[in-house]
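Student: In this text, residue positions in the first sequence follow our numbering: the first is 423, and each later residue adds one.
Note that beta-carbon positions come from the ideal geometry of N, C-alpha and C, so glycine has one too.
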Amino acid sequence: MNAKDQIDILSAGVAEILPAEGLKKKILEAEKRKRPLIVKLGVDPTAPDLHLGHAVPLRKLRQFQDLGHKAVLIIGDFTARVGDPSGRSVTRPALTTDQVKANAKTYTDQAFKILDDDPGKLEIKYNSAWLASLDFAKLLELTSRFTVAGLLVRDDFMKRYKSEQMIGLHEFLYPVMQAYDSVEIEADIELGGTDQKFNLLAGRQLQEKYELEPQVALTLPLLEGTDGAKKMSKSYDNHIGLTFEAADMFGKVMSIPDEAAGQGRFSMITKYYQLALGSLPDEVASLGAKLESGELHPRDAKSQLAWQIVATYLGEKSAEDAKADFEARFKVKGKDAALQIADKMKLSKDPRKPDGTAFLPHVLKEAGLVSSSSEGRRVIEQGGLRVDGELEGNLEARLGNEFLIEIGKRKKKIITLPS
RNA sequence: GGGGGAGUGCCCGAGUGGCCAAUGGGAGCGGGCUGUAAACCCGUCGGCUUAGCCUACGUAGGUUCAAAUCCUGCCUCCCCCA
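Here you go:
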């Protein structure tokens, strides 16, 4: 592919390219020398649960691979012992090596679903390989290339410093270690979220001191979560986990708003295509046009998006099932649709009294549809319970041997009582 | 080593002796509306066959007719000085 097209694809959806002309230069150079670019992505194996936000840089990395470049995934097993101070107002707790190991495995399992694992295009390295054996002399040599003032200009540190919160000395070393990773693998490009900008630039600096061609930093925007406002994060409860069950993942994608706050009518939909799915710029553009013209219904656009996302992580079969399930649950109404998707379950005890009636809150609790009988009572009082398709407003009711229970729109079960 | 502060329901966070199962926000849940599990509106949100009762405000005791609120010990976390 020619250089211009490559640049178009690679710079799509990117927050910043530093320096601005850097990507172009690197690509032209690679073309001239007929060698692939080395594209680095550093991974901090601290959180075991990955979500779609984490997938953004991985998608970009995959685009590089697809254009023939070489991805180097650095598992920061060593740096994880320090914890990235980026965006943190407090020192992160250090992890044990076992935790780091387990997290790294979870990470790579997920990452392989996005990346091309052709060994010519992907290399995985643990940075303990070179960092663990650094001796103090080498460390001094490394650190002498950075200045305290240089580190302090960084926002995270400055804020903490000014507000008199503690900054561990070891935290100063984080950018240094990460920068050294870039030296070690001679990275041409490094990817990261916008919050990683400082660390990526530190890599540039250090490479220069080691007389290497400095890497180009490519930062990617942070993906908004399902609320369409804040960045996706587990602590905001707006994340879509890569290990979610198919139906849940599908539904969560369907629940993203069309529009990200103040960014155009279908901006969230197109953004997810671009960032979470890594669709190419022309595809995203034509999708946006179709949505604007009304040719494509936003619901269908999201449904396709959800399908593809589920298919990536859990397979096409799961995606198909999740889609069918979603439609049966929310598009088609009525008892027949409910019967199709309801799970069957058998209660071990018969809750009925001699007169054939049963206290429904207990039945709901036994069936695992509510977590307490008080909650069951509430649901019934609020008009959320249907038995065999009929609204049931009484706490006690006569029950047959098999019946369909529906609570709200989502929970549906066919209950069988022991005879 | 010395001094100070804090621990409240799933999370954040009010509450400083009775009016507290505990304000408010978020998440969750139910209803309405809708192209959607979006947005918005309404309701609900410890447990219990619930006009009542039980358990709860770090933990163990104590004072009091009455404690999340006062006292003491213990545990945990944080900050400042050295």
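Compare the Cα-Cα distances from Leu574 to each of Gln762, Phe594 and Arg567 and report the closest residue.
Tutor: Phe594
Student: Can you tell me whether Gly805 is buried or exposed? The criterion is at least 16 other CB atoms within 10 Å of its CB, across all chains shown.
Tutor: Around the beta-carbon of Gly805, fewer than 16 other beta-carbon atoms lie within 10 Å, marking it exposed.
Student: Does the stretch 833 to 841 come close enough to the stretch 784 to 796 that 3 or more CB-CB pairs lie under 8 Å?
Tutor: yes
Student: How is the alpha helix (DSSP H) around Phe486 delimited, first residue to last?
Tutor: Leu474 to Asp488
Student: Based on the DSSP secondary-structure assignment, which residues constitute the bridge partners of Lys492?
Tutor: Ile460
Student: Report the rounded CA-to-CA distance for Thr565 versus Gly614, giving the unit in angstroms.
Tutor: 23 Å
Student: From this set, Gly673, Thr501 and Lys482, which residue's C-alpha is nearest Lys831's C-alpha?
Tutor: Gly673
Student: Using the Cβ count rule (16 or more neighbours within 10 Å means buried), how would you classify Ser770?
Tutor: exposed
Student: Near Met676, what residues of its chain come up, given a Cβ to Cβ distance below 6 Å and the 5 sequence neighbours on each side ignored?
Tutor: Once the five neighbours on either side are set aside, the close Cβ partners of Met676 are Lys724 and Ala728.
Student: Return helix, strand or coil for Ile731, following the three-state DSSP convention.
Tutor: helix
Student: Buried or exposed: which applies to Thr641, given that a residue is buried once 16 or more other Cβ atoms fall within 10 Å of its Cβ?
Tutor: With 16 or more Cβ atoms within 10 Å of its Cβ, Thr641 is classed as buried.
Student: In the DSSP assignment, what residue or residues form a beta bridge with Met767?
Tutor: Ile837
Student: Out of Lys766, Ser701, Leu713 and Tyr695, which has the shortest C-alpha to C-alpha gap to Phe486?
Tutor: Ser701
Student: To the nearest angstrom, how far is it from the Cα of Gln696 to the Cα of Gln521?
Tutor: Roughly 33 Å separates the two Cα atoms.
Student: Compare the C-alpha of Ala624 against each of Ala609, Gly815 and Pro597 and name the closest.
Tutor: Pro597
Student: Please go through the same chain and pick out, in chain order, the residues whose beta-carbon is closer than 7 Å to the beta-carbon of Ile439, but skip the five residues on each side of it.
Tutor: Ser433, Leu445, Val638 and Leu640
Student: For the beta strand (DSSP E) that Tyr548 lies in, which residues bound it at each end?
Tutor: Leu544 to Tyr548
Student: Applying the criterion that 16 or more other CB atoms from any shown protein chain within 10 Å of the CB defines a buried residue, is Thr569 buried or exposed?
Tutor: exposed
Student: Write down every uninterrupted run of the alpha helix (DSSP H) in the stretch 770 to 811 whose length is 4 residues or greater and which is fully enclosed by it, in chain order.
Tutor: 782 to 788 and 795 to 803
Student: Mark Gly464 as exposed unless 16 or more other C-beta atoms lie within 10 angstroms of its C-beta, in which case mark it buried.
Tutor: buried
Student: Could you tell me which of Arg484, Asp466, Leu472 and Pro467 sits nearest to Ile431, measuring between CA atoms?
Tutor: Per the Cα distances, Arg484.
Student: To the nearest angstrom, how far is the alpha carbon of Ile536 from that of Arg455?
Tutor: 28 Å
Student: If you draw a straight line from the C-alpha of Asp649 to the C-alpha of Phe500, how long is it?
Tutor: Rounded to whole angstroms, Asp649 to Phe500 spans 34 Å at the Cα level.
Student: Distance check for Ser793 and Phe748, CA to CA, integer angstroms please.
Tutor: 24 Å
Student: For Ala760 and Leu821, I'd like the C-alpha separation in whole angstroms.
Tutor: A direct Cα-Cα distance of roughly 18 Å separates Ala760 from Leu821.
Student: On the DSSP bridge list, what partners appear for Val465?
Tutor: The partner list for Val465 (beta bridge, DSSP) reads Ile497.
Student: List the endpoints of the continuous beta strand (DSSP E) containing Phe558.
Tutor: Premise fails: Phe558 lies in the alpha helix (DSSP H), Phe558 to Thr565, not in any beta strand (DSSP E).
Student: Ile496 and Asn424 look like a contact to me (Cβ under 8 Å); what is the Cβ gap, rounded to whole Å?
Tutor: With 8 Å as the limit, Ile496 and Asn424 do not qualify as a contact, their Cβ atoms being about 30 Å apart.
Student: Kindly indicate which residue of Gly778, Met767 and Pro720 has the alpha-carbon position closest to the one of Ala789.
Tutor: Taking each of Gly778, Met767 and Pro720 in turn and checking the Cα distance to Ala789, the smallest one comes out for Met767.
Student: Taking the alpha-carbon of Asp603 as reference, which of Leu562, Gly737, Ser715 and Ala551 has the nearest alpha-carbon?
Tutor: Ala551
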